[in-house]
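Residue numbers (this note's numbering), protein chains in the order written: chain A, 1 to 224; chain B, 225 to 448. Yeah, the Cβ is synthetic: ideal placement off N, Cα and C, and Gly gets one too. These numbers were taken from a predicted model, which means no experiment stands behind them. These notes are about the structure you will find just below.
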DNA sequence: TGTATATAACTGTCCAGTCAGTTATATACT
DNA sequence: AGTATATAACTGACTGGACAGTTATATACA
């Protein structure tokens, strides 16, 4: 070993120390921020801890993001785009056979909702919604509104096609989505054990009730 | 102007200034705290502002509550007790005629969910759940778990009585409750316009689909 | 006079954001 | 190739303000 005066740790790390070009940094910082925000909440999360998690100094974070709030906004933006597209595409593809599409969706969506990693940003958005209504609204418009809208369109297509009787498509859509939201709230926010451990069975049970409720030959409830 | 050194406001208020006995204070402070917590979030809410809203000095608040966190806990406690009782009682009463009870519940619950005042504490709990899991868990156990449990029991009673076919009662319960949670999340947390402006009609549409789905003569979906 | 109720003023700590300076990589020039 | 210069990536140390919680003091009333 050459008689270098540098500390040993530097020798070990020095190979990769500056090789990392800036391109990857923002994402690393955002991941760190998400973890800290979820663990401590937006206000209680410290920029220094976020930086440390991203293996950076606090000042380093400010080279990429103007402020703590900018970090939050970038975080939501990053997740919003892909989800919205995926959801709408999936549902548009199902218009040909709405019944099959609903069956597929119910299982697929339940799997999504059970995954803590995928639920991280929604959780964050909900927790900060009171303080930053613009962020919450953006999320609602880009994600929730699209999802419910697509689902409603799918059921409306089923009604037009004669697969379902003429119920309020929006209400039916929310009878599919609502229980999923409830499950997500329960598990990931209120910290409960899964309400429905068997994803496939639960999805099947739900779709069974829903499809029977939508059946063309069912007689509508008399409104007393 | 008389050469009094006291500020004028004191003279005006002094008549009633000390008359207020301690009994009412805690509630006033809790109401003020709830408002501030909802407006700014738990961390950003300032004890001084809470005190001012309750027409007290900051130190005054500390005569009744030990800390900011104690305020939060007291707030949740205050709301938890009555709600849990009311909900279970309502549902137990309906076991004789589950169908009628579900119809009633759907409309009643939709009205509840539409009321911002009643949704204030749930909103707060959700927003702080990440930071204070014990509070969230307590709320889940005392309120959400009881509500879902009662609803499930009601539907199970309907199945036993022959009003409904033998579906998974828990799933059916969540198909009633889920859309309500979705509506609440939408309106009160994500700041959307009401998804369903006409409460009665929406409740009717939902119960129509659900009851048809539960009908004893419906044929169960084949699970492919 | 004593006790309960209240407050103004204070203290100690915490942390977002800044800045002056350092180290690694890239480029220009010989 | 080697050396000088520029610039990108990064950091340690600091500041200024905010705010939870405390203390010393005042008022009301029995």
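### Task
Can you give me, in chain order, the residues of the stretch 256-286 of chain B that have a beta carbon less than 9 Å from any beta carbon in chain A?
For the stretch 256-286 of chain B, the set of positions with a beta-carbon nearer than 9 Å to some beta-carbon of chain A reads 261, 262, 263, 264, 265, 266, 267, 268 in chain order.
### Query
Using CA coordinates, which residue listed in A:62, A:73, A:203 is at the minimum distance from residue 113 (chain A)?
Residue 113 (chain A) sits at position 113 when you count from the first residue of the first chain. The residue with the shortest Cα to Cα distance from residue 113 (chain A) is A:203.
### Message
To be precise: take each residue of the stretch 66-99 of chain A, compare its Cβ to all Cβ atoms of chain B, and keep it if any distance is under 9 Å. Which residues remain?
### Response
Those would be none; no residue qualifies.
### Query
Between which two residues does the alpha helix (DSSP H) harbouring residue 191 (chain A) extend?
Indexing the first chain from 1 puts residue 191 (chain A) at position 191. Careful: residue 191 (chain A) lies outside any alpha helix (DSSP H) and carries neither H nor E.
### Task
Have a look at A:72, A:115, A:170 and flag the residue whose alpha-carbon is nearest the alpha-carbon of residue 47 (chain A).
In the first chain, the residue the question calls residue 47 (chain A) occupies position 47. Checking every option, the nearest Cα to that of residue 47 (chain A) belongs to A:72.
### Task
Starting from residue 126 (chain A), find everything on chain B with Cβ-Cβ shorter than 7 Å and list it in chain order.
Taking the first chain and counting its residues from 1, the one referred to as residue 126 (chain A) is at position 126. 350, 413, listed in chain order.
### Task
Report yes or no: is there a C-beta of chain A within less than 8 Å of the C-beta of residue 355 (chain B)?
On the second chain, residue 355 (chain B) is found 131 positions in, with the first residue counted as 1. It does: the Cβ of residue 355 (chain B) has a partner Cβ on chain A nearer than 8 Å.
### Task
Within the same chain, show all residues whose beta-carbon is closer than 7 Å to that of residue 311 (chain A), passing over the 5 residues directly before and after it, in chain order.
This structure cannot speak to residue 311 (chain A), because chain A is shown only from 1 to 224.
### Query
What is the DSSP secondary structure of residue 402 (chain B), reduced to helix, strand or coil?
Mapped onto the second chain, residue 402 (chain B) falls at position 178. Helix at residue 402 (chain B).
#### Entry: residue 119 (chain A) at chain B interface by Cβ criterion, 8 Å
Mapped onto the first chain, residue 119 (chain A) falls at position 119. Chain B contact via Cβ: absent.
### Message
Would you say residue 152 (chain A) lies against chain B (beta-carbon separation less than 8 Å)?
### Response
Stepping through the first chain from its first residue, residue 152 (chain A) is reached at position 152. Answer no: the Cβ-Cβ gap between residue 152 (chain A) and chain B never drops below 8 Å.
### Task
Would you mind sorting residue 441 (chain B) into buried or exposed? The rule is 16 or more other CB atoms within 10 Å of its CB.
For this step, residue 441 (chain B) is matched to residue 217 along the second chain. So residue 441 (chain B) counts as exposed.
### Query
Counting only runs that start and end within the stretch 256-311 of chain B, where is the alpha helix (DSSP H) found for 4 or more residues in a row?
271-277, 282-288
### Task
Measuring only between beta-carbons, confirm whether residue 370 (chain B) sits less than 8 Å from chain A.
The count along the second chain starts at 1 and reaches residue 370 (chain B) at position 146. Taking Cβ atoms only, chain A never reaches closer than 8 Å to residue 370 (chain B), which makes this a no.
#### Entry: Residues of its chain near residue 163 (chain A), where Cβ-Cβ distance is below 6 Å and the 5 sequence neighbours each way are ignored
Taking the first chain and counting its residues from 1, the one referred to as residue 163 (chain A) is at position 163. Hits under 6 Å: 98, 99.
### Query
Any idea if residue 398 (chain B) is buried or exposed, counting beta-carbon neighbours within 10 angstroms, 16 or more meaning buried?
As a first step, residue 398 (chain B) must be located in the second chain, where it is residue number 174. Burial call: buried.
### Task
Drop a sphere of 10 angstroms on the beta-carbon of residue 435 (chain B), count the other beta-carbons inside from all chains shown, and report buried for 16 or more, exposed for fewer.
Along the second chain, one-based indexing puts residue 435 (chain B) at 211. The residue is buried, with at least 16 neighbouring Cβ atoms inside 10 Å.
### Message
Buried or exposed for residue 401 (chain B), going by 16 or more other Cβ atoms inside 10 Å?
### Response
Along the second chain, one-based indexing puts residue 401 (chain B) at 177. So residue 401 (chain B) ends up on the buried side.
### Query
Mind pulling the chain A residues with CB within less than 7 Å of residue 409 (chain B)?
As a working mapping, residue 409 (chain B) is identified with position 185 in the second chain. Under the 7 Å cutoff, chain A gives 181.
### Whole-angstrom distance between residue 354 (chain B) and residue 367 (chain B), CA atom to CA atom
In the second chain, residue 367 (chain B) corresponds to position 143, counting from 1. In the second chain, residue 354 (chain B) corresponds to position 130, counting from 1. Cα-Cα distance, rounded: 18 Å.
### Task
Would you kindly work out how many angstroms separate the C-alpha atoms of residue 232 (chain B) and residue 60 (chain A), rounded to a whole number?
Taking the second chain and counting its residues from 1, one reaches residue 232 (chain B) at position 8. Taking the first chain and counting its residues from 1, one reaches residue 60 (chain A) at position 60. Any reading at residue 232 (chain B) is ruled out, since the residue's pLDDT is 29, under 50, leaving its predicted position unreliable.
### Task
With 8 Å as the threshold, decide whether the Cβ of residue 426 (chain B) is near any Cβ in chain A.
Translated into positions along the second chain, residue 426 (chain B) becomes position 202. Yes, residue 426 (chain B) lies at the interface with chain A (some Cβ there is under 8 Å from its Cβ).
### Message
Quick check on residue 353 (chain B): does DSSP put it in helix, strand or coil?
### Response
Here residue 353 (chain B) refers to the residue found at position 129 when the second chain is read from its first residue. Coil.
### Query
So what does DSSP say about residue 166 (chain A), is it helix, strand or coil?
Taking the first chain and counting its residues from 1, one reaches residue 166 (chain A) at position 166. Of the three classes helix, strand and coil, the one that applies to residue 166 (chain A) here is coil, per DSSP.
### Query
Under 8 Å between C-beta atoms, does residue 433 (chain B) make it to chain A?
Taking the second chain and counting its residues from 1, one reaches residue 433 (chain B) at position 209. By this cut-off, residue 433 (chain B) is an interface position.
### Message
Does chain B have any CB closer than 8 Å to the CB of residue 142 (chain A)?
### Response
Along the first chain, one-based indexing puts residue 142 (chain A) at 142. No, residue 142 (chain A) lies away from the interface with chain B (no Cβ there is under 8 Å from its Cβ).
### Task
Answer yes or no: does any C-beta atom of chain B fall closer than 8 Å to that of residue 213 (chain A)?
If you number the first chain from 1, residue 213 (chain A) lands on position 213. It does; some Cβ of chain B falls within 8 Å.
### Query
Straight-line CA distance for residue 188 (chain B) to residue 335 (chain B)?
Residue coverage of chain B in this structure runs from 225 to 448, which leaves residue 188 (chain B) outside it and unanswerable.
### Task
Quick one: measure Cβ to Cβ for residue 91 (chain A) and residue 184 (chain A), integer angstroms, because I've assumed they're closer than 8 Å.
On the first chain, position 91 is the one that residue 91 (chain A) refers to. On the first chain, position 184 is the one that residue 184 (chain A) refers to. That belief does not hold up - the Cβ atoms of residue 91 (chain A) and residue 184 (chain A) are roughly 19 Å apart, past 8 Å.
### Chain-ordered chain B contacts of residue 167 (chain A) [CB-CB under 8 Å]
The sequence position of residue 167 (chain A) within the first chain is 167, counting from 1. Result: 429, 432, 433.
### Query
Under three-state DSSP, which class holds residue 195 (chain A)?
Counting from one through the first chain, the residue named residue 195 (chain A) turns up at place 195. Shown here, residue 195 (chain A) sits in coil according to DSSP, grouped into three states, outside any helix or strand.
### Query
Under three-state DSSP, which class holds residue 109 (chain A)?
Position 109 of the first chain, counting from 1, holds the residue named residue 109 (chain A). Helix.
### Task
Within its chain, find whatever has a CB closer than 6 Å to the CB of residue 379 (chain B); leave out the 5 residues flanking it on each side and keep chain order.
Within the second chain, residue 379 (chain B) is the residue found at index 155, counting from 1. Residues 393, 396, 397 of the same chain have their beta carbon placed closer than 6 Å to that of residue 379 (chain B), with the five preceding and five following residues left out of the count.
### Query
Is there a Cβ from chain A that is less than 8 Å from the Cβ of residue 402 (chain B)?
Here the question's residue 402 (chain B) lines up with position 178 in the second chain. Closer than 8 Å to some Cβ of chain A, the Cβ of residue 402 (chain B) qualifies, so yes.
### Query
Are residue 181 (chain A) and residue 360 (chain B) touching if we call contact CB-CB under 8 Å?
Along the first chain, one-based indexing puts residue 181 (chain A) at 181. Along the second chain, one-based indexing puts residue 360 (chain B) at 136. Cβ atoms of residue 181 (chain A) and residue 360 (chain B): not closer than 8 Å.
### Task
Establish whether the CB of residue 373 (chain B) and some CB of chain A are separated by less than 8 Å.
In the second chain, counting from the first residue as 1, residue 373 (chain B) sits at position 149. No, residue 373 (chain B) does not count as interfacial toward chain A.
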